[in-house]
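Q: Line by line, the protein sequences give chains G and R.
Mapping to my numbering: the first sequence position 283 is 283, numbers consecutive.
Mapping to my numbering: the second sequence position 57 is 57, numbers consecutive.
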Amino acid sequence: MKLSRALAVTKKQFLTIRHDKRTLAMMLLSPVMAMLIFGFAFGTSPKHLQVIVVNNDKGGLASEYINKMDHDVLSISTSSDVSVSKDKVSSGDKIATIIFGSSFTADASPTKSGITPRGPIITPAKGAHINVYLDTTNQQLSSVVSQSIAKGGQDLAKSKGSKSGVSVDVSYAFEKAKDARYIDFFVPGIMAFAITLFTTLLTLLAFVGERVTGTFDRLRVTPATETEIVIGYEIAFGIIAAIQGALILTVALLVYNIMVVGSIALAMLFVILVAIDAQAIGILISAAAQRESQAVQFLPFIIFPIFLLSGIFVAVKSLPLWLQPFSYLLPPTWGIDALRDVMLRGWGLEHLWPHILILAGFAVVFTILAIFGLKRSRNQ
Amino acid sequence: MDKKVVTFSGVVKEFDGFKALNDLSFSINEGGLYGLIGPNGAGKSTAIRIMTGLIKATEGEVDILGYKPQDADVRPLVGYMPQEMALYQDLTVRENLEFFGKLYSISKKDLKKRIADLLDFVELSKWDKTIIANLSGGMKHRTSLAVALLSKPRLLILDEPTVGVDPELRASFWQRFEDMRADGTTILLTTHYMDEARRCEKIGLINHGRLIAEGTPKELLILTGTHNLEDAFLSLARRKKEAKS
Ligand SMILES: Nc1ncnc2c1ncn2[C@@H]1O[C@H](COP(=O)(O)OP(=O)(O)O)[C@@H](O)[C@H]1O
Ligand SMILES: [Mg+2]
Numbered sequence: 001m002k003l004s005r006a007l008a009v010t011k012k013q014f015l016t017i018r019h020d021k022r023t024l025a026m027m028l029l030s031p032v033m034a035m036l037i038f039g040f041a042f043g044t045s046p047k048h049l050q051v052i053v054v055n056n057d058k059g060g061l062a063s064e065y066i067n068k069m070d071h072d073v074l075s076i077s078t079s080s081d082v083s084v085s086k087d088k089v090s091s092g093d094k095i096a097t098i099i100f101g102s103s104f105t106a107d108a109s110p111t112k113s114g115i116t117p118r119g120p121i122i123t124p125a126k127g128a129h130i131n132v133y134l135d136t137t138n139q140q141l142s143s144v145v146s147q148s149i150a151k152g153g154q155d156l157a158k159s160k161g162s163k164s165g166v167s168v169d170v171s172y173a174f175e176k177a178k179d180a181r182y183i184d185f186f187v188p189g190i191m192a193f194a195i196t197l198f199t200t201l202l203t204l205l206a207f208v209g210e211r212v213t214g215t216f217d218r219l220r221v222t223p224a225t226e227t228e229i230v231i232g233y234e235i236a237f238g239i240i241a242a243i244q245g246a247l248i249l250t251v252a253l254l255v256y257n258i259m260v261v262g263s264i265a266l267a268m269l270f271v272i273l274v275a276i277d278a279q280a281i282g283i284l285i286s287a288a289a290q291r292e293s294q295a296v297q298f299l300p301f302i303i304f305p306i307f308l309l310s311g312i313f314v315a316v317k318s319l320p321l322w323l324q325p326f327s328y329l330l331p332p333t334w335g336i337d338a339l340r341d342v343m344l345r346g347w348g349l350e351h352l353w354p355h356i357l358i359l360a361g362f363a364v365v366f367t368i369l370a371i372f373g374l375k376r377s378r379n380q
Numbered sequence: 001m002d003k004k005v006v007t008f009s010g011v012v013k014e015f016d017g018f019k020a021l022n023d024l025s026f027s028i029n030e031g032g033l034y035g036l037i038g039p040n041g042a043g044k045s046t047a048i049r050i051m052t053g054l055i056k057a058t059e060g061e062v063d064i065l066g067y068k069p070q071d072a073d074v075r076p077l078v079g080y081m082p083q084e085m086a087l088y089q090d091l092t093v094r095e096n097l098e099f100f101g102k103l104y105s106i107s108k109k110d111l112k113k114r115i116a117d118l119l120d121f122v123e124l125s126k127w128d129k130t131i132i133a134n135l136s137g138g139m140k141h142r143t144s145l146a147v148a149l150l151s152k153p154r155l156l157i158l159d160e161p162t163v164g165v166d167p168e169l170r171a172s173f174w175q176r177f178e179d180m181r182a183d184g185t186t187i188l189l190t191t192h193y194m195d196e197a198r199r200c201e202k203i204g205l206i207n208h209g210r211l212i213a214e215g216t217p218k219e220l221l222i223l224t225g226t227h228n229l230e231d232a233f234l235s236l237a238r239r240k241k242e243a244k245s
């Protein structure tokens, strides 16, 4: 492995781009365009949202409330430990913890103390209230959870003939993300998607082009190895992806005033990792295409799985159970998850190193497969 | 005995059961100018792709300068001009040469001089900053030849170097091949222009993946009692067919 040769491949790729204005325009415009178009898209209504209920109520009203909540939308588990339950929300395992205090039933009943207040000073009955510890970094999910909780309270009040509902005190697992909007949640998904699509497409076309024009054969009769060729391409596309990622982030910040709680550099690292995975996939797919026109036909097969499965619109956790394993086989799923953690939750390396390992693992596996695929054609 | 630069013995190449090469044997002496001549589909490019290690023979032995074709050590010693243009259309002539030069790990200083010499040799010095897509067919061919010569190969393999080349350029190509030979380079080229083959030192006539005759152009004419190589080929191809049936 000679770095100088790999870098020669890298440089050559940039020279190609310089002379090919259309590719250059596509590379710079398409991420921006994607941002503008997809920014307005909507997702579907989620299901099976994981919440924990801590029921300390001495009476029976809390249980009634819990029964009133939509068990299709909320997947409810119970716990008796408030702090453990809250930690599960802070660590991203659950979306919310709903806490019923010991006096929930008592607070709700109008004659709780047996003493009727006299005189002009009327202390209003405190009324029933619950505490909800909520993760709002996934707008789509947290708003559904809030609605379900509120709806449960209204239904309970109605069934008891009471006018006042249950008040909900919300505290936020991720304080900085409490004002996160749908777009804040959406941008990380679009970033990973745009980078994956363009990088896969560019690599695919570059490699099919090398085959069609015969330059690939010419490369392979030089001392350059398949490994050097693939690494050279990876460096080139990694740099391109970083530029695209920077452009997407800039548009997101300027046009949508997007929330970035964590480190922008870490977000860029994930963008680059996603790109490296995408270009290795591009090389792999290129083996199956004889011409550019064929390569383009692979696009829907790249776009739709990522669109539907990687958590851009529909959170992976609210997908049908049988589909979820496929989600985790797509590198963008991990990239999007990590980007949201960085940008909305403000998580750093201490939380996200497994994501880096997984994305790097995909990169290593796909790269080895790509190199192996190129080498194998010599044995034909 | 002459030193062999290329030796094919009993080479078979199958593609999905179809024998593109069928027991092909021939050898090329050091410093020779060998023409592998045959019609389209005869198996010329397949033989070359095996020589350059791009694909593997199904059966038989191939020796290139004492190496197996797929041995990485032999690659700097062999120059290859593919049948297609095989250049980066969006790079200039010089950028193409620099890129491939770097893949041969030629030092910057040497590469600069080497490129200057090659541009001079193929008469493209004035066009070095033009992108390939904007060159004429002949200029592309000359650039392609220059790329094949970058590593100063001991063996130069040219697959149909004169197809689609105008007569003037073709004459200048042959002049160049002879110049290189004088410098000690061994050359193997293919062509389906029988007529052109008379300029080779030695000819292998190939049809349906087999060598049907081998010798100097003169020997082949005498053998067949014909006056040009085209007739010689047709006569030999017919004889082979009759022998089979
Ligand atoms: N990769 C391949 N797969 C299947 N058949 C092939 C392949 N390469 C060449 N052939 C077949 O082998 C035969 C010889 O081809 P080729 O060596 O290109 O001929 P030539 O260069 O003499 O015109 C042709 O019939 C061609 O179709
Ligand atoms: Mg051919």
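Quick reminder that beta carbons are idealized off the backbone N, C-alpha and C, glycines included.
Looking at ligand 4, does it come within less than 7 Å of GLU234(G), judged from the CB to the closest heavy atom?
A: You won't find ligand 4 in this model; what it holds is ligand 1 and ligand 2.
Q: Given this structure, state the Cα-to-Cα distance separating LYS11(G) from LEU223(R), to the nearest angstrom.
A: 55 Å
Q: Which partner residues of THR186(R) appear in the DSSP bridge assignment?
A: LEU155(R)
Q: Taking only the alpha-carbon atoms, compute the straight-line gap between ASP166(R) and ASN96(R) and give it to the nearest angstrom.
A: 23 Å
Q: Which word fits HIS71(G), buried or exposed, when buried means at least 16 other C-beta atoms lie within 10 angstroms of its C-beta?
A: exposed
Q: Confirm, please, whether the CB-CB distance from VAL261(G) to ALA173(G) is below 8 Å.
A: no
Q: Helix, strand or coil: how does DSSP classify ARG118(G) here?
A: Below a pLDDT of 50, predicted positions are generally treated as unreliable, and ARG118(G), at 49, falls in that range; the measurement from the model is reported next regardless. The answer is coil: DSSP assigns ARG118(G) none of H, G, I, E or B.
Q: So with CB distances below 9 Å, who are the chain G contacts of PRO76(R)?
A: THR222 and PRO223
Q: Terminal residues of the continuous beta strand (DSSP E) containing LEU374(G)?
A: LEU374(G) -> not in any beta strand (DSSP E); alpha helix (DSSP H) instead, spanning 349-376.
Q: Closer than 7 Å: is that where the CB of PHE8(R) sits relative to any heavy atom of ligand 1?
A: Answer for PHE8(R): no, Cβ out of range of ligand 1.
Q: Using DSSP bridges, identify the partner residues of THR92(R).
A: ILE131(R)
Q: State yes or no: is the C-beta of LYS44(R) nearer than 7 Å to some heavy atom of ligand 1?
A: yes
Q: I want to see whether chain G comes within less than 8 Å of GLY53(R), judged by CB atoms only; does it?
A: yes
Q: Which two residues bound the contiguous beta strand (DSSP E) that contains ILE99(G)?
A: DSSP places ILE99(G) inside the beta strand (DSSP E), whose first and last residues are 96-100.
Q: Between PHE198(G) and the rest of its own chain, which residues show a CB-CB distance below 7 Å, the 5 nearest in sequence each way excluded?
A: Correct list, in chain order: MET27, SER30, PRO31 and GLN244.
Q: Tell me whether the beta-carbon of ILE306(G) lies closer than 8 Å to the beta-carbon of PRO332(G).
A: yes
Q: Indicate the three-state DSSP secondary structure (helix, strand or coil) for ALA288(G) in the structure shown.
A: If DSSP states are grouped into helix, strand and coil, ALA288(G) belongs with coil.
Q: For the putative contact between ARG144(R) and MET81(R), defined by C-beta atoms under 8 Å, what is the C-beta separation to the nearest angstrom?
A: One point to set straight first is that residue 144(R) is Ser, not Arg, in the sequence displayed. Yes, they are in contact, since the Cβ atoms of SER144(R) and MET81(R) sit about 5 Å apart, within 8 Å.
Q: Among the residues of its own chain, which have a CB less than 8 Å from the CB of LYS2(G), if the five just before and after it don't count?
A: Exclusion of the five residues before and after LYS2(G) leaves GLU228 as the residues of its chain whose Cβ lies within less than 8 Å of its Cβ.
Q: With DSSP as the reference, label GLY152(G) as helix, strand or coil.
A: helix
Q: Which first and last residues belong to the beta strand (DSSP E) in which HIS48(G) is found?
A: Unbroken run through HIS48(G): none, as it is neither H nor E.
Q: List the endpoints of the continuous beta strand (DSSP E) containing ARG18(G).
A: Taken as a continuous stretch (DSSP letters only), ARG18(G) belongs to no beta strand (DSSP E), being part of the alpha helix (DSSP H) at 3-19.
Q: So the candidates are LEU135(R), GLU201(R) and ASP2(R); which of them puts its Cα closest to the Cα of LEU91(R)?
A: LEU135(R)
Q: Taking VAL74(R) as the reference, which of GLU84(R), MET85(R), GLN83(R) and VAL62(R) has the closest Cα?
A: Of the listed residues, the one whose Cα sits closest to VAL74(R) is VAL62(R).
Q: Quick check on DSSP: helix, strand or coil for PHE185(G)?
A: Note: PHE185(G) maps to helix in three-state DSSP.
Q: Chain R partners of SER4(G), CB-CB under 8 Å?
A: LYS102 and SER105
Q: Report buried or exposed for PRO325(G), applying the criterion of at least 16 other Cβ atoms within 10 angstroms of its Cβ.
A: exposed
Q: Is the closest heavy atom of ligand 2 to the C-beta of ASP159(R) under 7 Å?
A: yes
Q: Would you say TYR133(G) and LYS86(G) are within 8 Å of each other, going by their C-beta atoms?
A: yes
Q: Between the C-alpha atoms of ALA206(G) and GLY184(R), what's the straight-line distance to the nearest angstrom?
A: 38 Å
Q: According to DSSP, is ALA278(G) part of a helix, a strand, or is it coil?
A: helix
Q: Could one say the Cβ of THR213(G) lies closer than 8 Å to chain R's Cβ atoms, at least one of them?
A: yes
Q: What's the gap between the Cα of ALA278(G) and the Cα of ALA236(G)?
A: 13 Å
Q: I'd like to know whether the C-beta atoms of ALA280(G) and THR215(G) end up nearer to each other than 8 Å.
A: no
Q: Check the DSSP bridge columns for GLU214(R) and list the partner residues they point to.
A: GLY204(R)
Q: Pair every Cβ in the stretch 310-328 of chain G with every Cβ in the stretch 12-23 of chain R, then say whether three or more of these pairs are closer than 8 Å.
A: no
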